[in-house]
Amino acid sequence: MCCCCPDQQLTPSSFLRIGQLSNVDLNEDIHELETELPRQHPNEIPHNEKLLSLKYESLDYDNSENQLFLEEERRINHAAFRTVEIKRWVICAMIGILTGLVACFIDIVVENLAGLKYRVVKDNIDKFTAKGGLSFSLLLWATLNASVVMVGSVIVAFIEPVAAGSGIPQIKCYLNGVKIPHVVRLKTLVIKVCGVILSVVGGLAVGKEGPMIHSGSVIAAGISQGRSTSLKRDFKIFEYFRRDTEKRDFVSAGAAAGVSAAFGAPVGGVLFSLEEGASFWNQFLTWRIFFASMISTFTLNSVLSVYHGNAWDLSSPGLINFGRFDSEKMGYTIQEIPIFIFMGVVGGILGALFNALNYWLTMFRIRYIHRPCLQVVEAMLVAAVTATVGFVMIYCSRDCQPIQGSSVAYPLQLFCADGEYNSMATAFFNTPEKSVVNLFHDPPGSYNPMTLGMFTLMYFFLACWTYGLTVSAGVFIPSLLIGAAWGRLFGISLSYLTKGSIWADPGKYALMGAAAQLGGIVRMTLSLTVIMMEATGNVTYGFPIMLVLMTAKIVGDYFVEGLYDMHIQLQSVPFLHWEAPVTSHSLTAREVMSTPVTCLRRIERVGTVVDILSDTSSNHNGFPVVESNADTTQVAGLRGLILRSQLIVLLKHKVFVERANLNLVQRRLKLKDFRDAYPRFPPIQSIHVSQDERDCMIDLSEFMNPSPYTVPQEASLPRVFKLFRALGLRHLVVVDNRNEVVGMVTRKDLARYRLGKEGLEELSLAQT
719 MCCCCPDQQL TPSSFLRIGQ LSNVDLNEDI HELETELPRQ HPNEIPHNEK
769 LLSLKYESLD YDNSENQLFL EEERRINHAA FRTVEIKRWV ICAMIGILTG
819 LVACFIDIVV ENLAGLKYRV VKDNIDKFTA KGGLSFSLLL WATLNASVVM
869 VGSVIVAFIE PVAAGSGIPQ IKCYLNGVKI PHVVRLKTLV IKVCGVILSV
919 VGGLAVGKEG PMIHSGSVIA AGISQGRSTS LKRDFKIFEY FRRDTEKRDF
969 VSAGAAAGVS AAFGAPVGGV LFSLEEGASF WNQFLTWRIF FASMISTFTL
1019 NSVLSVYHGN AWDLSSPGLI NFGRFDSEKM GYTIQEIPIF IFMGVVGGIL
1069 GALFNALNYW LTMFRIRYIH RPCLQVVEAM LVAAVTATVG FVMIYCSRDC
1119 QPIQGSSVAY PLQLFCADGE YNSMATAFFN TPEKSVVNLF HDPPGSYNPM
1169 TLGMFTLMYF FLACWTYGLT VSAGVFIPSL LIGAAWGRLF GISLSYLTKG
1219 SIWADPGKYA LMGAAAQLGG IVRMTLSLTV IMMEATGNVT YGFPIMLVLM
1269 TAKIVGDYFV EGLYDMHIQL QSVPFLHWEA PVTSHSLTAR EVMSTPVTCL
1319 RRIERVGTVV DILSDTSSNH NGFPVVESNA DTTQVAGLRG LILRSQLIVL
1369 LKHKVFVERA NLNLVQRRLK LKDFRDAYPR FPPIQSIHVS QDERDCMIDL
1419 SEFMNPSPYT VPQEASLPRV FKLFRALGLR HLVVVDNRNE VVGMVTRKDL
1469 ARYRLGKEGL EELSLAQT
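Okay, so the sequence shown: first residue is 719 according to the numbering used here, each after it adds one.
Right, dumping it as structure tokens:
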């Protein structure tokens, strides 16, 4: 009657069937059986974005309300609940402090290493400009870049591939309820931080802001569990929070703290978590997340102020500070609104072009550049090309500006007269953050239109090529830089047309261009408006920035999805959006569900349980429990739901009926035993069950969830979707009118349906 519900996790190791159940020392922290077959590398991996991968699991956002859970909750009195609440605030404060410190570390190391690199190259160029032989300088610059990026790419490709990119798509998936392997591990954090330092110092077209969000999330996940599985240390604190529900709330606080440290925008951080991240939200959570964001900005600000030698002046709230925009000098008038909207349209179109190019490039990478050594070579190539392009552009540019009164960190004279510097060099010969600030604030006339045009064109393609490399890097700053360059160009052309009118200030248009470009690429509206307002310290521009971002999003969405959503789709993640596809009312639970379902009886043979868990062809994670009647004529109605992880803990502790009768069980199993095994439950192959034990019985009554959510088979897809999505479920049992189990709905069954160009399309499931 009952047997399959694919909430499957088919790792390469699950195809490797370990012959007999082996006897393993259970005190060791058993990793996810990393006995993978040596990977054969085909030359081309066929990849299709119309697939959903079965390797991703769901998180259990819904607490299993079994007898153990209810007994524990009833024992906790009001004072203990207060303590738990206080612990939550303490954890949020710690998340804020540590995220701020990690941001400081990245900032100080990047500043010193990049400064060193630019000084060496500048001295070299100055030396060789005088006596000829500049090709040596180019070689030095390209080699320095490539070697630094090589180290950054090697650690990502060979040690922790999850740390590649900005990490925002991965965190978005995690908060949506998808368990992405290794995404919130300590090792990932270390590789992420080192990787981002190396890729920024290596001169790639990347920013260090995006990865801060991932770093904050890892810190949050680690602290809230009170232990590190990587270091095999358990600090025995915060044990109450060892479950997916709590961990996920803290991860959204960590993501907000990351945004807040990156841009000095605590409110922007909370809104980012709300808009892009958290799928589940309540008011208490908002307040705690805001607290974590504020602490993170404050920590960064204090430490950097001390580092810069003015301890009492808290003037650097974020990693990037766009500098203040003066509203007296730079207000805007009503006739500029159409101009801003037009800039939004341009940003949307350019953003869509960026995403489309990056999409094809990523498809190419998935198919052909999937070996780690090839990925490292590609990263080095991009680093060398970036340096070469920068050098050639600086070499060919004849745009000279007087040095006095300008705030250029590393002025390159090259072929300019004495007392002048090359203006193209301020854009290329600098970290991207500094270049953005220069484009916003340099006085009118600092840049030749030709310089800006060439820079925009080159940097657009470089940034597009760089995003998706196997290095830790964000796309925020490159997008802002491209936008600021064409926005400034736009402002210059306007002042030509209006004969140098006072309102056509290039800096103001650089800001709008930056917002339009970033909005066109990542399609964030609410949080981005607030981040831009907080980072520039100016509320006056709130309305134009909002208009620009809305226009950019509408125009961009007409052509292609946002960059993060696109990468989630390319990785075949079963991501659930806010609503079910609009035209899906015709489908019912009966058509969507997976059948047949593997059911267990309330009192089941141990051998049956072991065989079901060891069956690699089904590899389910949730099993409906039905009444164990000897009389088969009676209806076997649904009694509850039990998870694979719970069954494994029961087998590991040998909680069998016969042993209980003989008083062999030392003590009753507590909820703590389940929490201690979380989050890396041992695989079934590591649990030894003797032949005699296979004939014992196991009573699931007090461990199963006696009230799982169910839907009748006639329920429409949007209704099932709403229930599943709003409650953050992992399994939804489908029953008929006699309460018999007929099917099971999991995340993959719902994520399969997507609105395509021709209407509702169904994706196929694959083991990739």
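Quick reminder that beta carbons are idealized off the backbone N, C-alpha and C, glycines included. Bear in mind that the values here come from a model prediction, so they are computed numbers and not experimental data.
Nearest-angstrom Cα separation, counted from Leu1447 out to Lys926: 35 Å
Val1327, buried or exposed, once every other Cβ within 10 Å from all chains shown has been counted against 16: buried
Start-end ranges of the alpha helix (DSSP H) lying completely within the segment 990-1066, minimum 4 residues: 1001-1025
Per-residue DSSP class, three states only, for Thr906: helix
Whole-angstrom distance between Thr1306 and Val802, CA atom to CA atom: 42 Å
Other residues of its chain near Gly921: CB distance less than 7 Å, five sequence neighbours each side excluded: Asn863, Ala1101, Thr1104, Ala1105
Range of the contiguous beta strand (DSSP E) that encloses Leu769: 769-771
CA-to-CA distance, Gln1287 to His1295, given in whole angstroms: 12 Å
Option nearest Lys1226 by Cα separation, candidates Leu788, Met1061, Lys954: Met1061
When Glu1479, Ala1127, Ile824, Thr1464 are compared against Glu775, the one with the closest alpha-carbon: Thr1464
Length of the line joining the Cα atoms of Leu1368 and Leu777: 20 Å
Val1240: CB within 7 Å of a non-hydrogen atom of the ligand FMN: No copy of the ligand FMN appears in this structure; indeed no ligand is present at all.
Under the three-state DSSP convention, the category Arg1456 falls into: coil
Sequence-distant residues of the same chain with beta carbon closer than 8 Å to Leu857, five excluded per side: none
According to DSSP, residues forming a beta bridge with Gly1477: Gly1474
Neighbourhood of Phe1399 by C-beta, 8 Å cutoff - its chain only, sequence neighbours within 5 removed: Arg1362, Ser1363, Ile1366, Val1367
Range covered by the alpha helix (DSSP H) that runs through Ile931: 928-943
Assigned secondary structure, Tyr779 (DSSP; H/G/I helix, E/B strand, else coil): coil
Beta-carbon proximity of Leu1387 to Val1407, cut-off 8 Å: no
Cβ pair count under 8 Å reaching 3, the segment 1231-1238 against the segment 1203-1210: yes
Any 3 or more C-beta pairs closer than 8 Å across the segment 899-915 and the segment 866-874: yes
Bounding residues of the alpha helix (DSSP H) (the contiguous stretch that carries Ser1141): 1141-1146
Element boundaries [beta strand (DSSP E), containing Asp1417]: 1415-1417
Segment contact, 8 Å Cβ cut-off, at least three pairs: the segment 1001-1021 with the segment 839-851: no
Under the three-state DSSP convention, the category Ser1482 falls into: strand
Whole-angstrom distance between Ile1195 and Gly1171, CA atom to CA atom: 18 Å
Ile1360 vs Val1344 beta-carbon contact at 8 Å: no
Rounded C-alpha distance that separates Leu1022 from Gly818: 10 Å
Terminal residues of the beta strand (DSSP E) in which Arg1357 lies: 1356-1361
Beta-carbon proximity list for Leu1075, same chain, < 6 Å, skipping 5 on both sides: Cys1182
Cβ-Cβ separation, Val1375 to Ile1330 (assumed contact under 8 Å), whole Å: Between Val1375 and Ile1330 the Cβ distance is about 18 Å, and since that is not below 8 Å, they are no contact.
Spatial neighbours of Arg1443 in its chain, beta-carbon cut-off 6 Å, leaving aside the 5 residues before and after: Leu1294
Spatially closest choice to Glu1432 from His1371, Met1311, Glu1476, Lys1475, by CA coordinates: Met1311
Inter-residue Cα distance where the pair is Ala938 and Tyr1128: 38 Å
Cβ-Cβ distance between Ser1153 and Cys1118 below 8 Å: no
Val985 (DSSP reduced to helix, strand or coil): helix
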